[in-house]
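Worksheet: the structure to be examined is printed underneath.
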Amino acid sequence: MKKEIRLCGFGGQGIITAGVIVGKSASVYSNYNAVQTQSYGPEARGGASKSEVIISDEEIGYPGIEKADILVVMSQQAWDRYGKTSKPNSTIVIDPDMVKIERGGKKIYEVRATKIASDLGNKIIANMVMLGALVGITGIVPKDAMEQAILDSVPKRFVGLNKHAFAEGFKHGVRELEKQR
Numbered sequence: 015m016k017k018e019i020r021l022c023g024f025g026g027q028g029i030i031t032a033g034v035i036v037g038k039s040a041s042v043y044s045n046y047n048a049v050q051t052q053s054y055g056p057e058a059r060g061g062a063s064k065s066e067v068i069i070s071d072e073e074i075g076y077p078g079i080e081k082a083d084i085l086v087v088m089s090q091q092a093w094d095r096y097g098k099t100s101k102p103n104s105t106i107v108i109d110p111d112m113v114k115i116e117r118g119g120k121k122i123y124e125v126r127a128t129k130i131a132s133d134l135g136n137k138i139i140a141n142m143v144m145l146g147a148l149v150g151i152t153g154i155v156p157k158d159a160m161e162q163a164i165l166d167s168v169p170k171r172f173v174g175l176n177k178h179a180f181a182e183g184f185k186h187g188v189r190e191l192e193k194q195r
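So the mapping is simple: the working numbering equals the position in the sequence shown, first residue as 1, plus 14.
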């Protein structure tokens with residue numbers, strides 16, 4: 015098994031943190047090999063941001079991704095830039111409140127991560143909602159592995175909120191998956 019994942023959005027959405035958590039959930043808690051890379055603009059908030067993670071049960075020879083198996087998109091700018099960088103049968107997860115697209119025959123899952131996060135009290139946790147959706151839709155790593163990686167990666171005072179955001183995202187992801195079956 016080898017999966018190439020690209021998470022993208024803008025600075026301030028927690029894209030880099032999400033990528034690190036995906037990598038940790040795979041390598042530390044799921045016994046896979048993983049490599050994570052990141053890039054972001056010079057702006058502290060608002061500029062382009064992307065995190066790429068390769069997960070494999072074999073050794074990973076090169077850390078770069080050309081075409082993603084899984085694409086998670088949290089901004090229009092990110093879709094415009096990376097929307098065509100997925101494989102033909104890829105899994106694409108978007109926040110439809112932040113991204114407007116033409117489906118073009120692709121299987122696209124919609125999770126209103128920013129709205130869900132706002133309803134929970136803080137839109138900054140939209141990345142955790144998306145991580146829950148990612149696991150609910152793809153099963154890329156076990157749910158408990160991602161939960162443990164989140165617990166290890168967020169400040170202790172925000173653990174409860176992040177766990178709740180992940181759980182809500184997972185629930186919405188499973189619902190989206192069932193709608194498309």
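All residues carry an ideal CB built from backbone N, CA and C; glycine is no exception.
Worksheet entry | Secondary structure of THR128, DSSP reduced to three states | DSSP, reduced to helix, strand and coil, places THR128 within a helical segment of the structure shown.
Worksheet entry | Sub-9 Å separation of GLN52 and ILE30 beta-carbons | Judged by beta-carbon spacing, ILE30 lies within the 9 Å limit of GLN52, meaning their Cβ atoms are closer than that value.
Practice prompt. May I ask you to report which of helix, strand or coil DSSP gives VAL87?
Written response: Three-state DSSP puts VAL87 in a strand.
Fill in: Beta-carbon proximity of ILE139 to GLY23, cut-off 9 Å
Cβ atoms of ILE139 and GLY23: not closer than 9 Å.
Discussion item. Extract the residue ranges of the beta strand (DSSP E) inside the segment 21-49, only unbroken runs of 3 or more that lie entirely within it.
Written reply: Counting only unbroken stretches of 3 or more residues, no beta strand (DSSP E) element lies wholly within the segment 21-49.
Worksheet entry | Integer Cβ distance of ASP109 from MET142, believed to fall under 8 Å | Between the beta-carbon of ASP109 and that of MET142 there is about 13 Å, and that puts the pair past the 8 Å contact cut.
Discussion item. Can you tell me whether GLN52 is helix, strand or coil according to DSSP?
Written reply: GLN52 falls in the strand class under three-state DSSP.
Fill in: Start-end ranges of the alpha helix (DSSP H) lying completely within the segment 133-165, minimum 4 residues
Here the runs fully enclosed are 140-152.
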